[in-house]
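Chemist: At position 2 of the sequence shown the residue is numbered 21 (our numbering), and the sequence of numbers has no breaks.
The beta carbon of each residue, even a glycine, is placed where N, CA and C say it ideally should be.
Starting off with a structure, shown below.
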Amino acid sequence: MNFHIETERLILREILPSDAKGMFELDSNPIVHKYLGNKPVKIKQQAVDVIQFIRKQYKERGIGRWATIEKSSGGFVGWSGLKLNLDKKEELNGRRNFYDIGYRFIPRFWGKGYATESSLAVLDYGFNDLNIKTIFGAAEIDNIASNKILQKIGLQFINEFRFEDGIANWYELKKEDYEQTMS
Ligand SMILES: CC(C)(COP(=O)(O)OP(=O)(O)OC[C@H]1O[C@@H](n2cnc3c(N)ncnc32)[C@H](O)[C@@H]1OP(=O)(O)O)[C@@H](O)C(=O)NCCC(=O)NCCS
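Structure follows, in C-alpha cells:
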C-alpha cells in the first residue's frame with residue numbers, strides 16, 4: 020500500500036515509523052485531547068505504538084488514517100483520513116463495521132482550513148476509489164471546529180449519543196448524496 024494524495028497545500032501519505040516525533044508532539048498535547056477523552060500520551064513509545072497500530076490497519080483493513088504534511092514547510096501537521104471500525108471496542112453510537120472520517124492536527128497548524136481541505140480529498144478517495152457507500156463522522160457537541168468541518172464537507176447530522184463522559188453528534192454522508200452535491 021502506498022498512498023499519496025495531494026491537495027493544494029497538503030500531502031496525505033501513509034504514516035511511517037519516522038513520524039514518531041510528530042505523532043508524540045500531537046498526542047502528548049492536552050489541548051489536542053480536550054474533546055478526545057482527555058488522555059494525552061505520556062511517553063514516545065505510545066506514539067510509536069499508535070503508528071504500528073495504524074500501519075497494521077493498512078495491511079489488515081486496506082485503509083487507516085494518513086499522515087498529513089504541509090507542502091510549503093514539509094512539516095508533520097498530524098493525521099486525517101478514514102478508519103474502518105470493526106472491533107467491539109471501536110463501536111460507536113451502537114454501530115460496528117463502518118468507515119469514519121477523522122482528523123487530528125498539531126495546534127500551530129489549526130485555523131488554516133487544513134482539516135477541511137484534507138477531508139474533502141478523503142471523501143473523494145473514499146467514495147470514488149474505495150467505493151464506500153456511507154461515510155460516518157462523530158464529534159463531541161462542544162467541539163465546535165470539528166462539528167463545523169463535518170457539516171461544511173457535507174455530512175448530515177443524524178443523532179446525539181453518549182461518548183466517554185460526554186455527548187457527541189453523529190453524522191453520515193451517503194455516496195449518492197455526495198455525488199449529487201458534486202454534480
Ligand atoms: C478539529 C481540527 C482538526 C480542526 O483543524 P483546522 O485545520 O483548524 O480546521 P479548519 O480550519 O479546516 O476548520 C475549522 C472551522 O471551525 C471554525 N472554528 C474553529 N474553532 C471555532 C470556535 N471556537 N468557534 C467557532 N468556529 C470555530 C473555524 O473558523 C473553521 O470554520 P471556517 O472555515 O468556516 O472559518 C483541530 O482543531 C484539531 O486537531 N483538534 C483536536 C483534535 C480533534 O478534536 N479532532 C476531532 C475529533 S472529532
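Check whether the segment 152-171 and the segment 187-199 are in contact - that is, three or more C-beta pairs closer than 8 Å.
Modeler: Short answer: they touch.
Chemist: Taking the CB atoms as reference points, tell me whether arginine 127 and alanine 86 lie closer together than 7 Å.
Modeler: Contact: no.
Chemist: Can you grab the Cα-Cα spacing for the pair isoleucine 204 / alanine 140, in whole Å?
Modeler: Any property of residue 204 remains undetermined from this structure, which presents the chain solely from 20 to 202.
Chemist: Report the rounded CA-to-CA distance for serine 202 versus phenylalanine 155, giving the unit in angstroms.
Modeler: Approximately 21 Å between the Cα atoms of the pair.
Chemist: For my contact list, leucine 29 and isoleucine 125 are in at a C-beta cut-off of 8 Å; report their separation, rounded to the angstrom.
Modeler: Rounded, the Cβ-Cβ distance is 13 Å, inconsistent with contact.
Chemist: Return yes when the Cβ of leucine 105 is within less than 7 Å of the Cβ of glycine 145, no when it is not.
Modeler: Not a contact, by the Cβ cut-off of 7 Å.
Chemist: Using DSSP's beta-bridge definition, name the partner residues of histidine 23.
Modeler: Answer is Arg32, bridged to histidine 23.
Chemist: I believe leucine 103 touches tyrosine 122 by the beta-carbon criterion, under 8 Å. Please report the beta-carbon distance rounded to the nearest angstrom.
Modeler: So it is not a contact: roughly 16 Å between Cβ atoms.
Chemist: For the alpha helix (DSSP H) containing glycine 41, name the first residue and the last one.
Modeler: Taken as a continuous stretch (DSSP letters only), the alpha helix (DSSP H) holding glycine 41 covers 39-46.
Chemist: Compute the minimum distance between the beta carbon of threonine 26 and the heavy atoms of ligand 1, and state whether it is under 6 Å.
Modeler: No, Cβ of threonine 26 sits at least 6 Å from all heavy atoms of ligand 1.
Chemist: Between which residues of its own chain and serine 91 is the CB-CB distance below 8 Å, once the five residues before and five after are set aside?
Modeler: Closer than 8 Å at the Cβ level, and outside the excluded window around serine 91, lie Arg28.
Chemist: Return the residue from the list Gly113, Leu45, Lys63 and Gly130 that minimises the CA-CA distance to phenylalanine 182.
Modeler: Measuring from the Cα of phenylalanine 182, the nearest candidate turns out to be Gly113.
Chemist: List the endpoints of the continuous alpha helix (DSSP H) containing isoleucine 70.
Modeler: Per DSSP, isoleucine 70 belongs to the alpha helix (DSSP H) from 63-80.
Chemist: Measure the C-alpha to C-alpha separation of glutamate 79 and serine 47 and round it to an integer number of angstroms.
Modeler: Taking the straight line from one Cα to the other gives about 27 Å.
Chemist: Among the residues of its own chain, which have a CB less than 7 Å from the CB of asparagine 166, if the five just before and after it don't count?
Modeler: Cβ neighbours of asparagine 166 beyond the five flanking positions: Ala158 and Asn188.
Chemist: Helix, strand or coil for asparagine 204? Go by DSSP, reduced to three states.
Modeler: Here the chain covers residues 20 to 202 and nothing more, so residue 204 does not appear.
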